[in-house]
Amino acid sequence: RQDSSFILFSKAEKHYRHLNDEVNLGKVLYNKGIIQFDIGDFLGAELSMSQAYNHLKKFDNKQIVYQTLSMSGIISNSLEDYEKAIDYHQQALKVVKDYDLDPTLTQEPSTLNNIGGVYQNLNRNSEAVQNFKSALASKDLFKLNPDLYARLLDNLGYSYFKQKMYSSAPSLFYRSLRIRDSLGLKSSVVLSRIHLSEYYAEIGDSVNAYKNSIDALKLSKETGSAIDLVLALKQLAVVDHHKSSQYSKE
Numbered sequence: 003r004q005d006s007s008f009i010l011f012s013k014a015e016k017h018y019r020h021l022n023d024e025v026n027l028g029k030v031l032y033n034k035g036i037i038q039f040d041i042g043d044f045l046g047a048e049l050s051m052s053q054a055y056n057h058l059k060k061f062d063n064k065q066i067v068y069q070t071l072s073m074s075g076i077i078s079n080s081l082e083d084y085e086k087a088i089d090y091h092q093q094a095l096k097v098v099k100d101y102d103l104d105p106t107l108t109q110e111p112s113t114l115n116n117i118g119g120v121y122q123n124l125n126r127n128s129e130a131v132q133n134f135k136s137a138l139a140s141k142d143l144f145k146l147n148p149d150l151y152a153r154l155l156d157n158l159g160y161s162y163f164k165q166k167m168y169s170s171a172p173s174l175f176y177r178s179l180r181i182r183d184s185l186g187l188k189s190s191v192v193l194s195r196i197h198l199s200e201y202y203a204e205i206g207d208s209v210n211a212y213k214n215s216i217d218a219l220k221l222s223k224e225t226g227s228a229i230d231l232v233l234a235l236k237q238l239a240v241v242d243h244h245k246s247s248q249y250s251k252e
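Residue numbering for the sequence shown follows our numbering, starting at 3 and increasing by one per position.
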């Protein structure tokens, strides 16, 4: 399906280049970049997004400009080009604010979450915390986007955990877990369980560390996601040393 979509977008790209139709060309390049990102072609996606932005930035549709900058930040983060990722997300945030984009789309808190995530990857957790807290303060966020709200709680808890602020992390992990579970977000629940397992392992509670990692593994098999399964097995290998070689083989 992605292959056929990619072929269609490539044909459309040639068509709009021939017509010198910059708006539609930019939109096609954006969609092509999304597909490239989804299949793991991050360099190809980066090029497509950069080209899309160059075509779209001069036009009035600032929503697609925001989306292009935001996606460029996500791609740069995947390429581990973290400073560039922060720059793209800051530009995206500026577009949201300068052009008063629809607040019900929760793009400002989403972008703050993305910035916080990049700071987490840089191990600059105090800056990550600032961005997560700012996002959580957004008006009506839980009502408008409970998935994002839960993600922010989990991310904030994880940054506290990384800062060894162990008294602050678990309540955030559990609040996030309850929301994710109520929404049926199984992959997100897997991540919550892994974070709880990491937390309990760190404070020396091997029983709860093991229990949460087992729960993550069971649920990862239900999601059918290879990434979920690998992450769950990796954490289980950490907390169950005796069987670590067995989990590695799985």
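Glycine included, every Cβ here is placed at the ideal spot set by N, Cα and C.
Buried/exposed call for residue i, threshold 16 Cβ in 10 Å
| i | result |
| --- | --- |
| residue 42 | exposed |
| residue 85 | exposed |
| residue 230 | buried |
| residue 61 | exposed |
| residue 57 | buried |
| residue 34 | buried |
| residue 29 | buried |
| residue 206 | exposed |
| residue 218 | buried |
| residue 209 | exposed |
| residue 55 | buried |
| residue 73 | buried |
| residue 149 | exposed |
| residue 119 | buried |
| residue 18 | buried |
CB of residue i within 8 Å of CB of residue j, strictly
| i | j | result |
| --- | --- | --- |
| residue 108 | residue 147 | yes |
| residue 93 | residue 71 | yes |
| residue 68 | residue 98 | yes |
| residue 225 | residue 189 | yes |
| residue 66 | residue 90 | no |
| residue 137 | residue 123 | no |
| residue 215 | residue 227 | no |
| residue 240 | residue 203 | yes |
| residue 171 | residue 201 | yes |
| residue 222 | residue 234 | yes |
Neighbour flag for residue i against chain D, beta carbons, 8 Å
| i | result |
| --- | --- |
| residue 121 | Checking the listed chains, one finds no chain D in this structure; it contains a single protein chain. |
Does the stretch 101-111 come close enough to the stretch 73-84 that 3 or more CB-CB pairs lie under 8 Å? Result no; under three Cβ-Cβ pairs closer than 8 Å.
Ranges of the alpha helix (DSSP H) found wholly within the stretch 158-192, counting only runs of at least 4: 171-185
Would you say the stretch 165-183 touches the stretch 194-201, given that touching needs at least three Cβ pairs under 8 Å? yes
For the pair the stretch 129-141 and the stretch 149-169, tell me if three or more CB-CB distances fall below 8 Å. yes
What ranges does the alpha helix (DSSP H) occupy inside the stretch 127-156, keeping only unbroken runs of at least 4 residues that lie completely in it? Listed in chain order, they are 127-138 and 143-146.
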